[in-house]
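**Q**
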Amino acid sequence: MVSSNRVFAQGTALLLAAAAGARGHMEMIKPCPRYNANGIDCPALPPGETKDYNENAPISSGGNKLQPFCKYSTPWPTPAATWTAGQQISVQFNTWGSTHSGGHCEWSVSYDGGSSFVVVHRVLQHCFYDADNNPQTVFNFTLPADLPGSDAAVFAWSWVNAMGNREFYMNCADVKIQGSSPSFTGPQMTVLNYPDYPTIPEFEGNYLTGLTYYENAPSITVHASYSSQDPGQSQSQSQSDDPPPQSSSPPSLF
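Take the sequence shown: its position 55, counting from 1, is numbered 1352 in our numbering, and each next residue is one higher.
#1: Would you tell me roughly how many angstroms separate the C-alpha atoms of L1342 and I1326, rounded to the nearest one?
#2: Only counting runs of 4 or more residues, tell me where the alpha helix (DSSP H) segments fall wholly within the region 1443-1519, in order along the chain.
#3: Can you find the residues in the same chain that come closer than 6 Å, C-beta to C-beta, to C1424, ignoring five residues on each side of it along the sequence?
#4: Evaluate D1471 with the Cβ neighbour count: other Cβ atoms within 10 Å of its Cβ, from every protein chain shown; 16 or more gives buried, anything less gives exposed.
#5: Measure the alpha-carbon distance for E1324 versus Q1384 and round it to whole angstroms.
#6: Rounded to the nearest angstrom, how far is the Cβ of E1346 from that of T1371, given a contact under 8 Å?
#7: Taking only runs of the beta strand (DSSP E) that begin and end inside the region 1347-1424, which ones reach a length of at least 3 residues, in chain order?
#8: Could you confirm whether any beta carbon from chain B is found closer than 8 Å to the beta carbon of G1383?
#9: Can you tell me whether D1409 is buried or exposed, with buried defined as 16 or more other CB within 10 angstroms of its CB?
#10: When the Cα of V1451 is compared with those of S1522, G1336, D1338, P1515, which residue comes out closest?
#11: Measure from the alpha carbon of S1413 to the alpha carbon of each residue in T1482, A1442, F1436, P1432, then state which is nearest.
#12: Is it buried or exposed, P1515, if we count other Cβ atoms within 10 angstroms and call 16 or more buried?
#13: Using 10 angstroms around the beta-carbon of T1392, count the other beta-carbons present and answer buried if the total reaches 16, otherwise exposed.
#14: Hey, V1415 and I1337: beta-carbon distance below 8 Å or not?
#15: Suppose you measure from the CA of H1520 to the CA of S1480; what does that come to, to the nearest Å?
#16: DSSP beta-bridge partners for T1439?
#17: At a threshold of 7 Å, does I1326 count as lining the ligand HEM (C-beta to nearest heavy atom)?
#18: Smallest Cα separation from A1354: which of L1508, N1335, G1411, P1344?
#19: For G1411, collect the residues of the same chain with a Cβ closer than 6 Å to its Cβ; drop the 5 residues on either side in sequence, then sort them by chain order.
#20: Can you tell which of R1331, Y1332, Q1485 has the C-alpha that lies nearest to the C-alpha of H1418?
#21: From which residue to which residue does the beta strand (DSSP E) around I1326 run?
#22: State yes or no: is the C-beta of P1445 within less than 8 Å of the C-beta of K1362?
#23: With C-beta atoms as the reference, is F1438 less than 8 Å away from I1386?
#24: Based on the DSSP output, what are the partners of Y1426 in its beta bridges?
#25: Residues in its own chain within less than 6 Å of S1477 by CB, not counting five upstream and five downstream?
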């Protein structure tokens, strides 16, 4: 005979699991990603588009491509934020999503409409948790001082969750960046658990898993870009639809 305490414990576990599924995952809400229904200070929708109430869904899961990079290709008609190179920015996430025990997060910028992304900030291993292991949904960091200017940059957050299905998350916001540098060189955004890219296992027990992909990410140089190009203002060069795949024979995992 099964004890009432054990039945209660099993029922509680099922309720907790259901609640976690109901609240979904993490999503960036400021700056407002394209079409996000939960975003803060969002621009008007492009003609013909509708709000996305599932912006917190992954773009890949279990080896299957669910959505393209950035989820949507049509940008906001106006920037969701205006920043200056070298300034501190604040990136905000929902407070009700499942953090999947943390994982690896990057924040990147594209100057070619989303074909290539250069990393401007990383929180690896324990993303969504602070140094005291408390939940963290606001990230403050300083943009590189030599980031070029653009009136149509794409700011991306990407995440490889530590626990759960092998997934890749990505939200993109259209921003304006004021800067005088002609170019910036930094790590290329790392993509994992997405078709044609490396896959790593769950890693709650070993948070070093996958770090070699980030540490060995190739460098990429981006250039100032403007929708109305003036003399002396150069465009980024990459023309591919998605960030280029990383090596099919990457370094061994930790």
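All C-beta atoms, glycine included, are put in the ideal place defined by N, C-alpha and C.
**A** According to the data block:
#1: Working through the sequence shown from its first residue, we reach residue 1342 at position 45. Working through the sequence shown from its first residue, we reach residue 1326 at position 29. Near 15 Å, if we compare the C-alpha coordinates of I1326 and L1342.
#2: With a minimum length of 4 residues, the continuous alpha helix (DSSP H) runs that stay inside the region 1443-1519 are 1508-1512.
#3: Position 127 of the sequence shown, counting from 1, holds the residue named residue 1424. The answer, listed in chain order, is G1399, G1400, C1402.
#4: Counted from its first residue, the sequence shown places residue 1471 at position 174. Result: buried.
#5: Within the sequence shown, the letter at position 27 stands for residue 1324. Within the sequence shown, the letter at position 87 stands for residue 1384. Approximately 23 Å, taken between the alpha carbons.
#6: For the purposes of this step, residue 1346 is identified with residue 49 of the sequence shown, where counting begins at 1. For the purposes of this step, residue 1371 is identified with residue 74 of the sequence shown, where counting begins at 1. Contact flag correct, Cβ pair sits at about 7 Å.
#7: Within the region 1347-1424, the complete beta strand (DSSP E) runs of at least 3 residues are 1378-1381, 1385-1390, 1400-1407, 1415-1420.
#8: Protein chain content of the structure displayed is limited to a single chain, and chain B is not contained in it.
#9: Here residue 1409 refers to the residue found at position 112 when the sequence shown is read from its first residue. The residue is buried, with at least 16 neighbouring Cβ atoms inside 10 Å.
#10: Position 154 of the sequence shown holds residue 1451. Of the residues S1522, G1336, D1338, P1515, the one whose Cα lies closest to the Cα of V1451 is S1522.
#11: Within the sequence shown, numbered from 1, the residue matching residue 1413 stands at position 116. The candidate whose alpha carbon is nearest that of S1413 is T1482.
#12: Locating residue 1515 in the sequence shown gives position 218, where the first residue counts as 1. Burial call: exposed.
#13: Locating residue 1392 in the sequence shown gives position 95, counting from the first residue. By the neighbour-count criterion, in which a residue is buried when 16 or more other Cβ atoms sit within 10 angstroms of its Cβ, T1392 is exposed.
#14: Here the question's residue 1415 lines up with position 118 in the sequence shown. Here the question's residue 1337 lines up with position 40 in the sequence shown. The answer is no: Cβ separation not under 8 Å.
#15: In the sequence shown, the residue the question calls residue 1520 occupies position 223. In the sequence shown, the residue the question calls residue 1480 occupies position 183. Going by the C-alpha atoms only, they are around 4 Å apart.
#16: Looking up residue 1439 in the sequence shown gives position 142. T1439 pairs with Q1385.
#17: This structure simply doesn't include the ligand HEM, nor any ligand for that matter.
#18: Numbered from 1 along the sequence shown, position 57 holds the residue referred to as residue 1354. Nearest option by C-alpha distance: N1335.
#19: Numbered from 1 along the sequence shown, position 114 holds the residue referred to as residue 1411. Its chain contains C1367, V1451 as the residues whose beta carbon lies nearer than 6 Å to that of G1411, once the 5 sequence neighbours on both sides are disregarded; these appear in chain order.
#20: Along the sequence shown, read from residue 1 onward, the residue named residue 1418 stands at position 121. Considering only R1331, Y1332, Q1485, the residue with the shortest C-alpha distance to H1418 is Q1485.
#21: Within the sequence shown, the letter at position 29 stands for residue 1326. Element bounds for I1326: 1325-1327.
#22: Taking the first residue of the sequence shown as 1, we reach residue 1445 at position 148. Taking the first residue of the sequence shown as 1, we reach residue 1362 at position 65. The criterion of a C-beta distance shorter than 8 Å is not satisfied by P1445 and K1362.
#23: Here residue 1438 corresponds to residue number 141 of the sequence shown, with the count starting at 1. Here residue 1386 corresponds to residue number 89 of the sequence shown, with the count starting at 1. In contact: F1438 and I1386 (Cβ atoms closer than 8 Å).
#24: Locating residue 1426 in the sequence shown gives position 129, where the first residue counts as 1. Under DSSP, Y1426 forms a beta bridge with P1432.
#25: Taking the sequence shown and counting its residues from 1, one reaches residue 1477 at position 180. No residues qualify anywhere along the chain.
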